[in-house]
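Each remark here refers to the structure printed beneath this line.
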Amino acid sequence: EAQVTQNPRYLITVTGKKLTVTCSQNMNHEYMSWYRQDPGLGLRQIYYSMNVEVTDKGDVPEGYKVSRKEKRNFPLILESPSPNQTSLYFCASSLGIGSYEQYFGPGTRLTVT
Amino acid sequence: AQSVAQPEDQVNVAEGNPLTVKCTYSVSGNPYLFWYVQYPNRGLQFLLKYITGDNLVKGSYGFEAEFNKSQTSFHLKKPSALVSDSALYFCADQTGANNLFFGTGTRLTVIP
Numbered sequence: 009e010a011q012v013t014q015n016p017r018y019l020i021t022v023t024g025k026k027l028t029v030t031c032s033q034n035m036n037h038e039y040m041s042w043y044r045q046d047p048g049l050g051l052r053q054i055y056y057s058m059n060v061e062v063t064d065k066g067d068v069p070e071g072y073k074v075s076r077k078e079k080r081n082f083p084l085i086l087e088s089p090s091p092n093q094t095s096l097y098f099c100a101s102s103l104g105i106g107s108y109e110q111y112f113g114p115g116t117r118l119t120v121t
Numbered sequence: 845a846q847s848v849a850q851p852e853d854q855v856n857v858a859e860g861n862p863l864t865v866k867c868t869y870s871v872s873g874n875p876y877l878f879w880y881v882q883y884p885n886r887g888l889q890f891l892l893k894y895i896t897g898d899n900l901v902k903g904s905y906g907f908e909a910e911f912n913k914s915q916t917s918f919h920l921k922k923p924s925a926l927v928s929d930s931a932l933y934f935c936a937d938q939t940g941a942n943n944l945f946f947g948t949g950t951r952l953t954v955i956p
């Protein structure tokens, strides 16, 4: 089954404790991206990747890192989480940008206390 | 500057009535516009898209959207709403060379 998976689905952590949210897709998609969803703000793009070893900042990259060492994986790293990073995070992938629809993972709900 | 806007946070409609969820865009040239739906505790799912061609685009679950260049709108419509259509709907602009922009979302509630 074609899908985007994320782990963990739920995470509660404390300020400053490094964490990684994994994202994997099995569709051989080149484009992958991370979003955060906050009430009243919709989805905002954090980082995106056009292909292996090619990443770039989205609209809200501060406090996040990503890597794309393999085509299927695109982990999101929070080196020192803060409470304002409490949010619902989605990973997405697609064949490319522009006319291609995005396939979204199920989401990761992160709480930073 | 935002490239798509959803002016309504909430839309309520009675089951069986037609529904409209509004989206306006501010992309110059020929935009690539999308609608996605989010059901509770799920990721977003693709509904339909406008790339070029016919202004009326048909998508999943009986939804359609009309691209109107003069009004810079891309409203989502369905002739007869179902209770199961209740969800959060996002309009998106994928015209950019590298990234995407989503509207703030509209919560649709279909009342039985």
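Just so you know, the sequences run in chain order D and F.
Position in the first sequence (from 1) plus 8 gives the number in the numbering used here.
Position in the second sequence (from 1) plus 844 gives the number in the numbering used here.
For glycine and all other residues, C-beta sits at the position ideal for the given N, C-alpha and C.
{"Item": "Three-state secondary structure (DSSP) of Ser904(F)", "Value": "helix"}
{"Item": "Assigned exposure category for Gln915(F) - 16 Cβ within 10 Å defines buried", "Value": "exposed"}
{"Item": "8 Å Cβ cutoff met for Leu993(F) and Tyr883(F)", "Value": "Residue numbering for chain F in the displayed model covers 845 to 956; residue 993(F) lies beyond these limits and cannot be assessed."}
{"Item": "Within-8 Å CB hit, Tyr883(F) to chain D", "Value": "no"}
{"Item": "Own chain partners of Ala845(F) with C-beta closer than 8 Å, once the 5 adjacent residues on each side are dropped", "Value": "Its pLDDT being 49, under 50, Ala845(F) is placed unreliably by the model, and nothing is read from it."}
{"Item": "Beta carbon proximity, Gly906(F) to chain D, threshold 8 Å", "Value": "no"}
{"Item": "Test: Lys902(F) CB closer than 8 Å to a CB of chain D", "Value": "no"}
{"Item": "N- and C-terminal bounds of the beta strand (DSSP E) containing Thr23(D)", "Value": "Per DSSP, Thr23(D) belongs to no beta strand (DSSP E) and is neither H nor E."}
{"Item": "Identity of the residue in Asn92(D), Val62(D), Leu51(D), Leu103(D) nearest Thr119(D) by Cα", "Value": "Asn92(D)"}
{"Item": "Interface flag, Thr868(F) vs chain C, CB-CB below 8 Å", "Value": "The structure shown contains no chain C; the protein chains it does contain are D and F."}
{"Item": "Arg17(D): CB within 7 Å of a non-hydrogen atom of the ligand MG", "Value": "You won't find the ligand MG in this model; it holds no ligand whatsoever."}
{"Item": "is_contact[Gly24(D), chain F] using C-beta, thresh 8 Å", "Value": "no"}
{"Item": "Cα-Cα separation, Gln5(D) to Ser928(F)", "Value": "No information on residue 5(D) is available, as it lies outside the stretch 9 to 121 that chain D covers here."}
{"Item": "Buried/exposed call for Val62(D), threshold 16 Cβ in 10 Å", "Value": "exposed"}
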